[in-house]
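Undergrad: Let me begin by handing over the structure; questions about it come next.
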Amino acid sequence: MENITLKVTGMSCEHCVKAVNNALSGIAGVASAAVSLKEGTASFKHDPAIAPLETIKAAIRDTGFDIAN
Ligand SMILES: [Cu+2]
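Using numbering that gives the first Met the number 0, you'd call the opening residue of the sequence shown number 0 and step up by one each time.
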């Protein structure tokens, strides 16, 4: 498992946080997802063999947010 923190832009309230959190939680190979509205970040662990970073980024984008890193 690798620790990753992504800068997620466009989150404005707790609903956004929940949406990103749900997106992350629904991906096999992702664990310990924590989304911060204040920091504008999504932190998680992932197994790159099961959940490649690009797949995770795509899932976040699909919820309507962008990633700055
Ligand atoms: Cu919101």
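From the three backbone atoms N, C-alpha and C, an ideal C-beta is built for every residue, glycine too. All figures in this text were calculated on a predicted structure; none of them were measured in a lab.
Among all the DSSP beta bridges, which residues are the ones paired with N2?
TA: Working through the sequence shown from its first residue, we reach residue 2 at position 3. DSSP, once it has assigned bridges, lists K44 as partnering N2.
Undergrad: Give the list of continuous alpha helix (DSSP H) stretches no shorter than 4 residues that lie fully inside the region 12 to 66.
TA: Counting whole runs of 4 or more residues, the region 12 to 66 contains the alpha helix (DSSP H) stretches 13 to 24, 52 to 61.
Undergrad: Write down the C-beta distance between A41 and A32 rounded to the nearest angstrom, noting that I regard them as a contact closer than 8 Å.
TA: Stepping through the sequence shown from its first residue, residue 41 is reached at position 42. Stepping through the sequence shown from its first residue, residue 32 is reached at position 33. At roughly 7 Å, the Cβ-Cβ gap stays under 8 Å, so A41 and A32 are in contact.
Undergrad: With a CB to CB cut of under 7 Å and the five nearest residues on each side skipped, what residues in its chain are close to A27?
TA: Counted from its first residue, the sequence shown places residue 27 at position 28. These residues qualify, in order along the chain: I49, A50.
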